[in-house]
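Asker: In the working numbering, the protein residues as written are 8 to 583.
Beta carbons are placed, not taken as given, at the ideal position from N, Cα and C, and that holds for glycine.
Structure below.
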């Protein structure tokens, strides 16, 4: 087809940038052709070195064919993450507490709106580096089987049915329902049987019987495949002896043969090298790359460069490369990357949607619905907005970072509990604040500056718990001695002592607990007149908590997983 006869506005720009393509439009750039034909045409034009380079998550440009650079690594667990300004929703476990898949689908729809707006802006600015794309490695649908797991906050709880229901809702919202294009690409991770310990994840062998696999660990993945999730991420660990990223059973027999998955599989970051560095099932990087590629891992985070050596050593064939590359490039075609902008419905989503008032209201709605009222003696909540004095205290009362959880975006207006309370009460109400306690260690200065206000106030609101400094992914939680896990799930002892001091002095004591995982807190239940469990509630968290405390909203959240009373109730952490 002659270029002069094509009415493809953005395609003219693409071909103008690469004159070698301007003589004749190749098949892969013809939107009228079936996607499989286009993919095959593009793969057939690539050289072996180019094919291997395009199988790393940080994929370089192929200028002679007009393929721009692209980084597949993007995050959107509860808002577009690691890419600057975005609307921050409650952490995934908090949204699970809403038991409201329709709400989560609306949240994911907003996330994909902002993702498209940020992607459009990045393309216009010619900035295509990591966290600027549309392939999002979310949601995390691993079972939150043990409260010690630091990454459990990323999931939708311990129940396979709830996990599948909420995960499916997220995929629908993120990917959209267009018959031709993906709005964004979602990813079911980490496949499979992956729920800690964080410190052992690169070498651990998770043992699960066929019954446990089929009833607990695999149903959510199967549900998301039926929902047409575009990507599956294979996990670091072994499952029943096989590294997940080289498991014929998981990747071929179950995922593709039984479930019919037709998207692409990406490794968790560095998981390919774990075959020889952690699991010791291969001798070197080339053998690891070959084993994972042949088993069905199509894309490596972050590098599949060892495939060059594997190809030279005849450990993989060009047909192996072509199979994987076709699956990976197909995702780019589904996102509309090779089509004219005027054909792709979201090419003009404006930057004004990012962090808009409408999106902020939805974040607040989600936060309110995530809050769980665990105790309310004598109907203390709702509080009167016209109290004489309210005392706000605790290590997390004025902490904005705790609202974020992990894998978060940023926003210029993040509401703390203190700000929420101050913005809620009447002008004649005095609000006093002192932090009173540190997060996880005894105060260095023994002078008690904080009890007096409790004696004076009508109500003391103490905000306690843990934060993403203490729990999260390996390496991310800089205050965790256990690589992000919590080997003691009790409230830190210094905070319990602080609450005991408050109880001795406060007329009425409301305790707000912030955490991404269960907290064993029988002492809190005994000491407090009212207890609200608030998770990591996002940018509107402080205002949402104040809405509930002062009666402008009803707390409707429910716990999506079991809370132990003590560590004595827990089985061995490694027992799946």
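1. Is DSSP giving residue 388 helix, strand or coil here?
2. Which word fits residue 554, buried or exposed, when buried means at least 16 other C-beta atoms lie within 10 angstroms of its C-beta?
3. Which complete alpha helix (DSSP H) runs does the segment 419 to 506 hold, if anything under 4 residues is left out?
4. Less than 6 Å between C-beta atoms, sequence neighbours within five positions excluded: which residues of the same chain meet that for residue 159?
5. Distance, Cα to Cα, residue 544 vs residue 163?
6. For residue 520 and residue 416, what's the separation of their Cα atoms in angstroms?
7. How far does the alpha helix (DSSP H) with residue 129 in it extend, from its first residue to its last?
8. Going by CA-CA distance only, name the one from 58, 425, 96 and 258 that's closest to residue 327.
9. Taking the alpha carbon of residue 332 as the reference point, which residue from 61, 48, 32 and 370 has its own alpha carbon closest?
10. Does DSSP put residue 29 in a helix, a strand or coil?
11. Can you give me the C-alpha to C-alpha distance between residue 362 and residue 192, rounded to a whole angstrom?
12. Take residue 374 as the anchor and find which of 564, 215 and 154 has the nearest alpha-carbon.
13. Around the C-beta of residue 98, are 16 or more other C-beta atoms found within 10 angstroms, so that it is buried, or is it exposed?
14. Shortest alpha-carbon distance to residue 321 belongs to which of 420, 121, 172 and 296?
15. Write down the C-beta distance between residue 509 and residue 498 rounded to the nearest angstrom, noting that I regard them as a contact closer than 8 Å.
16. What's the call for residue 471, buried or exposed, on a 16-neighbour Cβ count within 10 Å?
17. How long is the line joining the alpha carbons of residue 400 and residue 85, rounded to whole angstroms?
18. According to DSSP, which residues form a beta bridge with residue 212?
19. Should residue 64 go down as buried or exposed, given a rule of 16 or more other Cβ atoms within 10 Å for buried?
20. So, helix, strand or coil for residue 383, using DSSP?
21. I need the DSSP call for residue 368, collapsed to helix, strand or coil.
22. What's the gap between the Cα of residue 292 and the Cα of residue 446?
23. Alpha carbon to alpha carbon, what distance is there between residue 157 and residue 203?
24. Our contact map puts residue 583 next to residue 219 with C-beta atoms below 8 Å; I'd like the distance itself, whole angstroms only.
25. With which residues is residue 147 paired in a DSSP beta bridge?
26. Would you tell me roughly how many angstroms separate the C-alpha atoms of residue 255 and residue 324, rounded to the nearest one?
27. Check residue 527 in the structure and name its three-state DSSP category.
28. Could you please give the first and the last residue of the uninterrupted beta strand (DSSP E) stretch that includes residue 351?
29. How is the alpha helix (DSSP H) around residue 228 delimited, first residue to last?
30. Quick check: what's the CA-CA separation for residue 21 versus residue 176?
31. Report the rounded CA-to-CA distance for residue 289 versus residue 281, giving the unit in angstroms.
32. Classify residue 455 as buried or exposed, calling it buried when 16 or more other Cβ atoms lie within 10 Å of its own Cβ.
33. Using only the alpha-carbon positions, how far apart do residue 294 and residue 273 sit?
34. Just checking my contact of residue 205 with residue 492 at CB under 8 Å: how many whole Å lie between their CB atoms?
35. Is the separation between the beta-carbon of residue 180 and that of residue 542 shorter than 7 Å?
36. If you scan the segment 258 to 299 from start to end, which runs of the alpha helix (DSSP H) of 4 or more residues do you find wholly inside it?
Answerer: Here's the rundown:
1. coil
2. buried
3. 424 to 429 and 458 to 463
4. 151 and 524
5. 14 Å
6. 22 Å
7. 108 to 131
8. 58
9. 61
10. Residue placement at residue 29 is flagged as unreliable, the pLDDT there being 48, under the threshold of 50; the coordinate-derived value follows with that caveat. Correct three-state label for residue 29: coil.
11. 21 Å
12. 564
13. buried
14. 296
15. Rounded, the Cβ-Cβ distance is 13 Å, inconsistent with contact.
16. buried
17. 28 Å
18. 245
19. buried
20. strand
21. helix
22. 42 Å
23. 8 Å
24. 7 Å
25. 196
26. 18 Å
27. strand
28. Segment: none, residue 351 is in no beta strand (DSSP E) and carries neither H nor E.
29. 226 to 233
30. Bear in mind that a pLDDT of 47 at residue 21, under 50, signals an unreliable position, so the number given afterwards is only what the model happens to contain. C-alpha separation (whole angstroms): 35 Å.
31. 9 Å
32. exposed
33. 18 Å
34. 5 Å
35. no
36. 278 to 284
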